[in-house]
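In terms of mature numbering (1 follows the signal peptide of the UniProt record, and there is no 0), the sequence shown is residues -18 to -1, 1 to 116. Here a beta-carbon is modelled for each residue, glycine too, at the ideal position from N, C-alpha and C. A quick write-up on the structure given underneath.
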Amino acid sequence: MKTIKMFGLLLMATLVFASCSKDDDDDAASIAGTTWESSYVKFQYGNAITEYKNVAEIKEEDEYQKFTLKADGTVVSDTNEEIGKWTQSGSKVTFIDEDKDEYEYSLSGNTLTYSVSTTVEGTIIASTVKFTKI
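What follows is the structure, given as structure tokens:
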């Protein structure tokens, strides 16, 4: 009976780890050759928060962005202009712009998220932008 319980526990642990591994693998899949568009934008300045929750609102407010991550490591705009480079390590995607500034995005399924926050003289200044694979 003790052996059966131990086997059952080992089987459950294996299934749990296998499930977690699959989720990680999905996010770590290469996103080379994919096109992305901004689908959510949030700005915060102190207590004032502005959110655009869909593509139509984002376009209306002139905050819309669309880009393609090319297999050669370049990022091109929707006008096919090279706007930087990109690398991927698992669910971490790093963009390097023309000034060599780096921006770290997190990848979860079909969503890339960039968030930045700072406090200046006690005031929180933050933004979050989500991009959806199209």
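- E64 and E43 have their C-alpha atoms some 24 Å from each other.
- Taking 8 Å as the upper bound for CB-CB distance, V75 and I13 are in contact here, some 7 Å apart.
- In this structure, DSSP gives A38 a helical state, which the three-state scheme calls helix.
- Relative to L89, the option among F49, V98, Q70 whose CA is nearest is Q70.
- Cβ neighbours of V98 within its own chain (closer than 7 Å, five residues either side excluded): A108, S109.
- The shortest CA-to-CA distance from F49 to any of K41, G66, I40, Y34 is the one to G66.
- Rounded to whole angstroms, the separation of the alpha carbons of E33 and W18 is 19 Å.
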